[in-house]
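Notes for the one structure printed next.
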Amino acid sequence: MNKLVKCLQASSLAAFLCLTANADAKTGYVFVSSEKDDVVTVFDAETMNKLTEIKTRERPRAMQLSNDGSLLYVACGDGDTIDVIDVDKLRVKKSIEIGEDPDRFDISPDEKYLYASNEDDGLVTVYDLIKDERVAEIEVGEEPEGVLVSPDNRVVYVTSEVANMVHVIDIETKALVENVVVGNRPRRMMLTQDLRELWVSNEVGGTISVLDTSTYQVTSELSFAPKGIRPENISPVGMVMTKDGKRAYVTLGSANHVAVVDTASHTVLDYILVGKRAWGVSLNSDESKLYVTNGKSDDLAVIDTARLKVIKSVPAGRVPHDVVVDD
Amino acid sequence: MTKLIHTIGGLFTAMALFTLMGSAVASDLTTVKIALIEYKDDPRYTHNIMDARYQAQPWGRLSEALILAITESRFAAQKKGVKFVLERHELDALADLSDLIPQLEQEGTSFFMLDLPGEGVRLASTSAKLKTSTLFNLSALDNSLRNEFCQSNLLHIAPSRLMLTDAIAQYLVSKKWNEVLVLYGKGQDDEAYLDSLKVSAKKFGLKLIAEKPFTLGNDPRQRYQNNIALLTGKSNYDVLFVVDSAGEFAVDVPYALLKPRPVVGSSGLVPDWWHWAWERNGAPQVNKRFMKKAKRHMTGYDWSAWLAVKLIAESILRQEQLDTGLIQADIKDATFKIDGAKGYPLNFRTWNNQLRQPVFLTSLNRVINRAPIEGFLHPTNNLDVLGNDKGEGSCHLSVGT
Chain B
211 MNKLVKCLQA SSLAAFLCLT ANADAKTGYV FVSSEKDDVV TVFDAETMNK LTEIKTRERP
271 RAMQLSNDGS LLYVACGDGD TIDVIDVDKL RVKKSIEIGE DPDRFDISPD EKYLYASNED
331 DGLVTVYDLI KDERVAEIEV GEEPEGVLVS PDNRVVYVTS EVANMVHVID IETKALVENV
391 VVGNRPRRMM LTQDLRELWV SNEVGGTISV LDTSTYQVTS ELSFAPKGIR PENISPVGMV
451 MTKDGKRAYV TLGSANHVAV VDTASHTVLD YILVGKRAWG VSLNSDESKL YVTNGKSDDL
511 AVIDTARLKV IKSVPAGRVP HDVVVDD
Chain P
1419 MTKLIHTIGG LFTAMALFTL MGSAVASDLT TVKIALIEYK DDPRYTHNIM DARYQAQPWG
1479 RLSEALILAI TESRFAAQKK GVKFVLERHE LDALADLSDL IPQLEQEGTS FFMLDLPGEG
1539 VRLASTSAKL KTSTLFNLSA LDNSLRNEFC QSNLLHIAPS RLMLTDAIAQ YLVSKKWNEV
1599 LVLYGKGQDD EAYLDSLKVS AKKFGLKLIA EKPFTLGNDP RQRYQNNIAL LTGKSNYDVL
1659 FVVDSAGEFA VDVPYALLKP RPVVGSSGLV PDWWHWAWER NGAPQVNKRF MKKAKRHMTG
1719 YDWSAWLAVK LIAESILRQE QLDTGLIQAD IKDATFKIDG AKGYPLNFRT WNNQLRQPVF
1779 LTSLNRVINR APIEGFLHPT NNLDVLGNDK GEGSCHLSVG T
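These protein sequence lines map, in sequence, to chains B and P. Residues 211 to 537, numbered by our numbering, are exactly what the first sequence covers, in order. Residues 1419 to 1819, numbered by our numbering, are exactly what the second sequence covers, in order.
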């Protein structure tokens, strides 16, 4: 890690050479997609200095790294593509035609299939990453958003912001096996470590619906009340959980805060003021730092998770959306 | 009665019937009947007005928006075993409402989509016999409907005129454009509009330095009322507010003043409750879906119709059983929430059944700001700084509940 950081500080060209030499090492990069600039900005995780910008198709939003970290997939909403960034070379190596307005996506654990929500059409597109072709379209409620493949590769969960449901799609048959009613305008999802709970953030409802993944019943609902914030401004969207499953961080959108949640008791431990319209969220590998994109103040907040305080805030392009940390 | 049968029979060809259902067997489904009530000679829907694309005026009838919302509600319908049926009724005369509404109630219609002028909304609401019938006012802005003519089963989705004038007043105050010259039309609607502006001006501290009536036309003998330069030349003011419910005079006012001043009200910067250029809160997706269906941009009037169906679907989705009375009570409940793609969870004010909602301040192709304007605060819900707050006005539906 130390060696890598030194390389990065030397010069960006030298850094690429070093990285090529250490293919399996983490890059030490923080990636931020910026909706209005059509770029992914790359920061050095250690210094938070901006290293470069990667030009993408129009309106890059959701991002995800491949299992080995060599590829960064970026959904480009107005480009109608998922751009695939070569992390070594820091440029787009190909653009996958994925249908109209891709919003979010997930990749199967075996990396054979990519599932993307097509926001305009009310579809989930299934893309075969091996054969490099679209293999299926599945009709869901309008404005599908969150996509999550279960780690056992059996089902895909998809939220529909209009139907106010989580659709459960059987991967084998591609049929909707359940439509679970959740809160208003459901956005993102995450599974607890034991896979028993599916958390769904409801942007307009202002809550998180917790679903039992065996019965598909909503078992509880988390709500938020940061001090001095009106209920109508509380719009939870982004979520991330620590590896031990004990703590979750939830961005609260227009409430400009991140909630720190004890996952077992479903209680909020603290609220951290971050920036305007807190949206995307990610932890670094040792979970010492939390990164949050603020869409309406055009910056990225870095939070010290021990002290639960913002330690740095850096400009991150116009309307920063998602953040991925590879350190 | 004969006339009624004739009216309905005569309208049958014009009456569109839309059915959307889930995959369940048709006989298992419960029918939810929705009736769209329109007035053939509605002055807001003349071809001249619709083709002119005036700001904050309807650009077409509202059936497409209703059908779009029914389509969007198919997963809720499927989940609950419900079938939405939409009937469209076009009235020859507003007086026919007193027979039509009870007739439809008898035939099992519980949800009425009123796209009528204020007088029609009032007549429809007093014609309804059943408390469990829910009447949605989609397009009448009259403050009186939210005051002396309010009714517990009449729900206003369109904002009141006062919410619109409050929104623009907040904006003017935030810009310190405090001195306002007003040009107003002489019709009843414009008088009500002017009254509303006066209330908003007083509430937010605007100074209306003069109110001058205008006349449409080119008659030189009336030049002091029809010539915009003469109307606006002598006064000193920060901003010109044109009060013109129809829009035909207002459209020519920007760039025609003798002094270089912004124009607001019925043209220029116009308060509206939806705009095709709003780019946040999922609005682009709604606009794209509407555009695909209707082949034109979505207006506030369309948004009202779209939202009304979504209110019903949202409530059905969250009810154990289908009961029209319970659905109405649920929609009116203070804890109800609906997403209208404008930000903020929306619901109804319990004291006058007015939908709380943000109001856009719009130019032709841009949303310039969204009211409540930053800095205008309310003790409980910021959206209540637009229109009649609790305890204001003459409607007190929530008293004793």
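We put the beta carbon where it would ideally sit given N, CA and C, even for glycine.
With DSSP as the reference, please indicate the residues paired to residue i in a beta bridge.
i                  : result
Ala1453 of chain P : P:Glu1505, P:Phe1530
His377 of chain B  : B:Val368, B:Asn389
Trp409 of chain B  : B:Met400, B:Val420
Cys286 of chain B  : B:Pro270, B:Thr291
Along the chain, where does the alpha helix (DSSP H) that runs through residue i open and close?
i                  : result
Val1539 of chain P : 1536-1545
Met258 of chain B  : That residue, Met258 of chain B, is in no alpha helix (DSSP H); it is neither H nor E in DSSP.
Val1704 of chain P : 1701-1712
Ile1730 of chain P : 1718-1736
Pro1520 of chain P : 1515-1524
His531 of chain B  : No alpha helix (DSSP H) holds His531 of chain B; the beta strand (DSSP E) holding it covers 530-536.
For residue i versus residue j, is the C-beta distance shorter than 8 Å?
i                  : j                  : result
Leu462 of chain B  : Pro441 of chain B  : no
Thr369 of chain B  : Met400 of chain B  : no
Ala285 of chain B  : Ile292 of chain B  : yes
Tyr1602 of chain P : Val1671 of chain P : no
Val460 of chain B  : Ser411 of chain B  : yes
Arg269 of chain B  : Gly289 of chain B  : yes
Val334 of chain B  : Val357 of chain B  : yes
Val1598 of chain P : Phe1667 of chain P : no
Val533 of chain B  : Val491 of chain B  : yes
Ser1557 of chain P : Thr1742 of chain P : no
Leu408 of chain B  : Tyr367 of chain B  : yes
Val502 of chain B  : Ala488 of chain B  : yes
Met1531 of chain P : Ala1664 of chain P : no
Gly279 of chain B  : Lys236 of chain B  : yes
Lys1713 of chain P : Leu1486 of chain P : no
Val1600 of chain P : Lys1630 of chain P : yes
Let's see if you can read the secondary structure: which residues bound the beta strand (DSSP E) around residue i?
i                  : result
Glu1490 of chain P : Glu1490 of chain P -> not in any beta strand (DSSP E); alpha helix (DSSP H) instead, spanning 1481-1490.
Thr1586 of chain P : The sequence as given places Ile at residue 1586 of chain P; Thr does not occur at that position. Per DSSP, Ile1586 of chain P belongs to no beta strand (DSSP E); it is in the alpha helix (DSSP H), 1579-1593.
Asn1787 of chain P : 1785-1789
Ile306 of chain B  : 301-307
Gln1640 of chain P : Looking at the DSSP string, Gln1640 of chain P is not in any beta strand (DSSP E), and its letter there is neither H nor E.
Thr461 of chain B  : 457-461
Ala469 of chain B  : 467-472
Ser492 of chain B  : 488-493
Lys1616 of chain P : Looking at the DSSP string, Lys1616 of chain P is not in any beta strand (DSSP E); the run it does join, the alpha helix (DSSP H), is 1606-1622.
Gly1683 of chain P : 1681-1683
Lys499 of chain B  : 499-504
Expressed to the nearest angstrom, what Euclidean distance is found between the alpha-carbon atoms of residue i and residue j?
i                  : j                  : result
Gly1440 of chain P : Val240 of chain B  : Any reading at Gly1440 of chain P needs caution, since the residue's pLDDT is 40, under 50, leaving its predicted position unreliable; the model's value is listed next. The alpha-carbon atoms of Gly1440 of chain P and Val240 of chain B are separated by roughly 45 Å.
Leu1804 of chain P : Thr383 of chain B  : 51 Å
Gly1538 of chain P : Leu1512 of chain P : 6 Å
Lys519 of chain B  : Ile513 of chain B  : 5 Å
Arg314 of chain B  : Met375 of chain B  : 16 Å
Ala1731 of chain P : Asp331 of chain B  : 20 Å
Lys1621 of chain P : Gln1588 of chain P : 9 Å
Ala1752 of chain P : Tyr1762 of chain P : 14 Å
Gln1739 of chain P : Ser1578 of chain P : 33 Å
Val1443 of chain P : Asp1584 of chain P : Note that Val1443 of chain P has pLDDT 43, beneath the 50 cutoff, so the model's placement of it is unreliable and no number is given.
Lys1760 of chain P : Ile444 of chain B  : 14 Å
Gly1683 of chain P : Ile264 of chain B  : 45 Å
Ile482 of chain B  : Thr1464 of chain P : 55 Å
Asp508 of chain B  : Phe253 of chain B  : 15 Å
Glu497 of chain B  : Asp422 of chain B  : 27 Å
Leu1649 of chain P : Asp311 of chain B  : 50 Å
Ala1747 of chain P : Met1716 of chain P : 29 Å
Pro319 of chain B  : Ile340 of chain B  : 13 Å
Val468 of chain B  : Pro530 of chain B  : 16 Å
Ala231 of chain B  : Lys299 of chain B  : Interpretation of Ala231 of chain B is limited by its pLDDT of 44, a score under 50 that renders its predicted location unreliable; the figure taken from the coordinates is listed afterwards. Distance between the alpha carbons of Ala231 of chain B and Lys299 of chain B: 12 Å.
Val478 of chain B  : Gly1536 of chain P : 48 Å
Leu1480 of chain P : Asp1608 of chain P : 24 Å
Ala233 of chain B  : Lys246 of chain B  : Because Ala233 of chain B carries a pLDDT of 48, less than 50, the predicted location of this residue cannot be relied on, and the following value inherits that uncertainty. Computed Cα separation, rounded: 32 Å.
Pull up the CB-CB distance for residue i and residue j, whole angstroms please, since I reckon it's below 8 Å.
i                  : j                  : result
Tyr1642 of chain P : Leu1534 of chain P : 36 Å between Cβ atoms; not a contact.
Leu1729 of chain P : Asn1771 of chain P : That belief does not hold up - the Cβ atoms of Leu1729 of chain P and Asn1771 of chain P are roughly 12 Å apart, past 8 Å.
Ala1474 of chain P : Val1688 of chain P : 5 Å
Tyr337 of chain B  : Ile306 of chain B  : 6 Å
Asn1565 of chain P : Ser1812 of chain P : 4 Å
Going by the C-beta, is residue i closer than 7 Å to any heavy atom of the ligand ZN?
i                  : result
Leu1447 of chain P : Inclusion of the ligand ZN in the displayed structure is not the case, the ligand content being empty and no account of it being possible.
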